[in-house]
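A.B. asks: Heads up: the sequence shown is residues 131 to 400, going by the numbering used here. Here it is: the structure, laid out below.
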Amino acid sequence: MELRTRLANAALKALLYEVDVQPKPGLVDPVDHSTHLDMDVFTFIDSAVSLQPYFEQFAQAGIDFVGDDLTKLFHEIRPIGMEAEKVMFEATGGVNTHKGAIFSLGILLAASGYDQQAIRQTTERMLRGLTEHDFKDLDKKKQLTNGERMFLKYGITGIRGEAERGYPTVFEKSLPYLKAHFGNDFGTVLLDTLMVIVSESYDSNVVKRGNLESLENIQKYAENILAEGGCSHPEGRETLDDMNSYCNENNLSLGGSADLLIITIFLFLI
């Protein structure tokens, strides 16, 4: 199998595995989508399948890239990402299922195509200066993205900052956790891996729908679940149910954490 196809297949699997993990508080899964009534599991499947050709293009861009200035590779893949977003919206009838995942998977597919032995270092070199570039002159923009609003309001750099630092939450926390616990029930391990991510990251989606206190509460729930032995432990499961109720009552989305779970699964698979 060609490298680009193998990498693209892993990215597609990561999207499908993530949506199947259940029960995920504040996210879409096969048993609940209370905080995302405009989408369900089938919306995510449609979205994921539509992105497969673009995953191959991201990987091929990395394979073909020649030179030392890897910021040029990032600029090469941005138009692919924009086209992928357009196709995603066509597949879902205008619903944003995977915009964040397209951004991160695009970067990591290109980095993997370029050098699979140094994915994190390649990512850091690709994204050097990203937040400074993307967040400058925001006061002059008429339409702001959620990430840009969070930066102006709270100084949170969100997924751009995480990516520019080479995804420390993933490479230092969630990926080692998943590797260490693989072999147990895979769905439960992925749910616990999500709790590791939630406890460690600043999910701007939570802040967007709630506030910084909402984020702190969500992080505390995740920390408690892990301290209680994880989601398969009776106490951990009870806290997970409480966390789910809290998300539903306050209409909170953990979309940023879901994106980090997707790339954790992708890196694990390759």
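The C-beta atom is built at its ideal place from N, Cα and C for all residues, glycine as well.
Can you look up D159 in the DSSP assignment and give me helix, strand or coil?
C.D. replies: strand
A.B. asks: Can you grab the Cα-Cα spacing for the pair E370 / S180, in whole Å?
C.D. replies: For the sequence presented, residue 370 should be read as Leu rather than Glu. Straight-line Cα distance between these residues: approximately 32 Å.
A.B. asks: If distances are taken between C-alpha atoms only, which option among S334, K272, F185, P306 comes closest to M212?
C.D. replies: Among S334, K272, F185, P306, the Cα nearest to that of M212 belongs to F185.
A.B. asks: How long is the line joining the alpha carbons of F233 and T275, rounded to whole angstroms?
C.D. replies: 14 Å
A.B. asks: Whose CA, out of E365, Q190, L384, lies closest to the CA of N347?
C.D. replies: Measuring from the Cα of N347, the nearest candidate turns out to be L384.
A.B. asks: Whether or not the region 360-375 and the region 387-396 are in contact is what I'm after, with contact meaning three or more pairs of Cβ atoms, one per stretch, closer than 8 Å; do they touch?
C.D. replies: no
A.B. asks: By DSSP, does F312 sit in helix, in strand, or in coil?
C.D. replies: strand
A.B. asks: To the nearest angstrom, how far is it from the Cα of E358 to the Cα of G197?
C.D. replies: C-alpha of E358 to C-alpha of G197: approximately 49 Å in a straight line.
A.B. asks: Hey, L268 and A189 are a contact pair by Cβ (cut 8 Å); roughly how many whole angstroms apart?
C.D. replies: Rounded, the Cβ-Cβ distance is 32 Å, inconsistent with contact.
A.B. asks: Return the chain-ordered ranges of every alpha helix (DSSP H) run that is complete within the region 155-230 and spans a minimum of 4 residues.
C.D. replies: 171-194, 201-222
A.B. asks: Quick check on DSSP: helix, strand or coil for S362?
C.D. replies: coil
A.B. asks: If you reduce the DSSP assignment to three classes, tell me which class F396 lands in.
C.D. replies: helix
A.B. asks: With V149 as the anchor, note down where its alpha helix (DSSP H) starts and where it stops.
C.D. replies: 133-150
A.B. asks: Would you identify the three-state DSSP class for R258, choosing helix, strand or coil?
C.D. replies: coil
A.B. asks: CA-CA distance, I393 and P298?
C.D. replies: Roughly 12 Å between the two C-alpha positions.
A.B. asks: Check R290 in the structure and name its three-state DSSP category.
C.D. replies: helix
A.B. asks: Do you know how far the Cα of R290 is from the Cα of A301?
C.D. replies: Correcting the residue identity first, residue 301 is Phe in this sequence and not Ala. F301 and R290: Cα-Cα distance of roughly 16 Å.
A.B. asks: Less than 8 Å between the CB atoms is what I'm expecting for L137 and G296, so what's the real figure, rounded?
C.D. replies: Contact flag wrong, Cβ pair sits at about 18 Å.
A.B. asks: Quick check on L238: does DSSP put it in helix, strand or coil?
C.D. replies: Helix.
A.B. asks: Considering only their Cβ atoms, is the gap separating A293 from I327 smaller than 8 Å?
C.D. replies: no
A.B. asks: Who are the Cβ neighbours of D168 in its own chain at under 7 Å, not counting the five residues just before and after it?
C.D. replies: V225
A.B. asks: Does S329 come out as helix, strand or coil in the three-state DSSP assignment?
C.D. replies: helix
A.B. asks: Could you spell out the range, first to last residue, of the alpha helix (DSSP H) harbouring V337?
C.D. replies: 334-339
A.B. asks: Please state whether the Cβ-Cβ distance between K303 and E330 is less than 8 Å.
C.D. replies: yes
A.B. asks: Taking the alpha-carbon positions, what's the D333 to K283 distance?
C.D. replies: 14 Å
A.B. asks: Is it buried or exposed, D159, if we count other Cβ atoms within 10 angstroms and call 16 or more buried?
C.D. replies: buried
A.B. asks: Distance, Cα to Cα, F281 vs M131?
C.D. replies: 42 Å
A.B. asks: Sort K338, N378, E353, Y376 by Cα distance to G366 and report the nearest one.
C.D. replies: Ranking K338, N378, E353, Y376 by Cα distance to G366 puts E353 first.
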